[in-house]
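Participant: Handing you this structure, nothing more for now.
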Amino acid sequence: MHRDLFPYLQGFKQRAAGSNTIEYKIGEIFSEIKNKFQSGYFLRDALELVDELRFRSQEEKHELSQL
Numbered sequence: 020m021h022r023d024l025f026p027y028l029q030g031f032k033q034r035a036a037g038s039n040t041i042e043y044k045i046g047e048i049f050s051e052i053k054n055k056f057q058s059g060y061f062l063r064d065a066l067e068l069v070d071e072l073r074f075r076s077q078e079e080k081h082e083l084s085q086l
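Residue 20 is where the sequence shown starts when you use this note's numbering, and the numbers rise one by one after that.
Below, the structure is given as structure tokens:
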């Protein structure tokens, strides 16, 4: 799973329009983490929970970076 997914997510940083975009931040996050998920199903569940969160203010965006 992480052989394809994680490099794709890491590539968001290079494909982002700028360093203040969500794509850049996703790429930055995934370039520094190690996959601990034993199953793609668990990763999907976690991503669905994160997807429900809304990051509208600078403070909320900082919280995303802490995740």
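Every residue, glycine too, gets a C-beta built ideally from N, C-alpha and C.
Excluding the 5 residues flanking Gln29 on each side, which residues of the same chain have their C-beta closer than 6 angstroms to its C-beta?
Facilitator: Excluding sequence neighbours, Gln29 sits near Gly46, Phe49 and Ser50.
Participant: Nearest CA to the CA of Phe31: which residue from Asn39, Lys44 and Arg22?
Facilitator: If we check each option's Cα against that of Phe31, Lys44 comes out closest.
Participant: Once DSSP output is grouped into helix, strand and coil, what is the label at Ile52?
Facilitator: Ile52 falls in the coil class under three-state DSSP.
Participant: Nearest CA to the CA of Asp23: which residue from Gly37, Gly59 and Glu82?
Facilitator: Ranking the options by Cα distance to Asp23, first place goes to Gly59.
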